[in-house]
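Student:
Numbering (full-length UniProt numbering), first residue to last: 1 to 237.
1) Run through the stretch 105-155 for me and flag every whole beta strand (DSSP E) of 3 or more residues, listed as ranges in chain order.
2) By the 10 Å Cβ neighbour count, where 16 or more other Cβ atoms means buried, how is residue 90 classified, buried or exposed?
3) Could you give the DSSP three-state label for residue 102: helix, strand or coil?
4) Can you tell which of 205, 120, 213 and 35 has its C-alpha closest to the C-alpha of residue 80?
5) State the start and end residues of the unbroken beta strand (DSSP E) segment that holds residue 219.
6) Residue 122 to residue 87, Cα distance in whole Å?
7) Considering residue 159, what are the terminal residues of the beta strand (DSSP E) in which it resides?
8) Quick check on residue 113: buried or exposed, where buried means 16 or more other Cβ atoms within 10 Å of its Cβ?
9) Quick one: Cα of residue 147 to Cα of residue 22, how far?
10) Give the DSSP bridge partners of residue 39, in chain order.
11) Taking just the CA atoms, how far does residue 228 sit from residue 8?
12) Buried or exposed for residue 153, please, with buried defined as at least 16 other CB atoms from any protein chain shown within 10 angstroms of its CB.
13) Hey, would you say residue 44 sits closer than 8 Å to residue 68, going by beta carbons?
14) In the stretch 163-237, which residue ranges form an unbroken beta strand (DSSP E) of at least 3 residues, counting only runs that do not cross its ends?
15) Using beta-carbon positions only, say whether residue 140 and residue 111 come within less than 8 Å of one another.
16) For residue 193, which option in 46, 132, 76 and 135 has the closest C-alpha, if you only look at C-alpha atoms?
17) Are there three or more Cβ pairs, one per stretch, closer than 8 Å when the stretch 198-207 is compared with the stretch 159-173?
18) Spatial neighbours of residue 236 within its chain, please: C-beta separation below 6 Å, excluding the five flanking residues on both sides.
19) Quick one: measure Cβ to Cβ for residue 151 and residue 211, integer angstroms, because I've assumed they're closer than 8 Å.
20) Report buried or exposed for residue 97, applying the criterion of at least 16 other Cβ atoms within 10 angstroms of its Cβ.
21) Kindly indicate the opening and closing residues of the alpha helix (DSSP H) around residue 69.
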């Protein structure tokens, strides 16, 4: 069986219920809550390229912010949310907003126009500078869900977090596919990183074990669809 056929057999509707809330796992890496008209994205890591240049002189093409915001614009245009929640590490560091190009800052302002916008504090951007609009919060409760940046070991049912940048890897007959993914056990959910330069951590890494001791399902962002794959079918790096 070809790898693509194997993935095809695992596909499920890209939606699930968590703490009584219906969630749509979107192919862009965002989470849509239709009942609340809320779009959640995590780990944008805006201005990561400029942060590397400023700190170490290491050059990365300075287009990550524009590319990430373009993807976010597409999602906002499709869903027309009343609220957007950026689930922490929205900027790669606290000075990221100062380094933004005026056009990128204007794009954020346009995305915020006419809707609520919540920046959840992350470990990279806990004290983000003023001047990027929206409002800030450590955590946010939305219906039965608790939204925060870092997943907590003692979290109640319904925690939605980011921080870990989960990726899933499927290997078969010498071929492998590695994609960003949502990961959940039906009690909590960890979101993929949305940022263009954000990277990812394999969900078989031990960092995920304390969060999902009884196993999990990874929802991989594939070509044109989201694939739901159990832990046992996922490969380590």
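Heads up, the beta-carbon is just placed ideally off N, CA and C, and yes, glycines get one too.
Tutor: Reading off the structure:
1) 116-120, 135-137, 140-142 and 145-147
2) buried
3) helix
4) 35
5) 217-221
6) 7 Å
7) 159-161
8) exposed
9) 15 Å
10) 32 and 84
11) Bear in mind that the predicted position of residue 8 carries a pLDDT of just 46, short of 50, making it unreliable; the figure below should be weighed with that in mind. Distance between the alpha carbons of residue 8 and residue 228: 10 Å.
12) exposed
13) yes
14) 166-172, 175-184, 188-190, 217-221 and 226-230
15) no
16) 46
17) yes
18) 204
19) 5 Å
20) buried
21) 64-79
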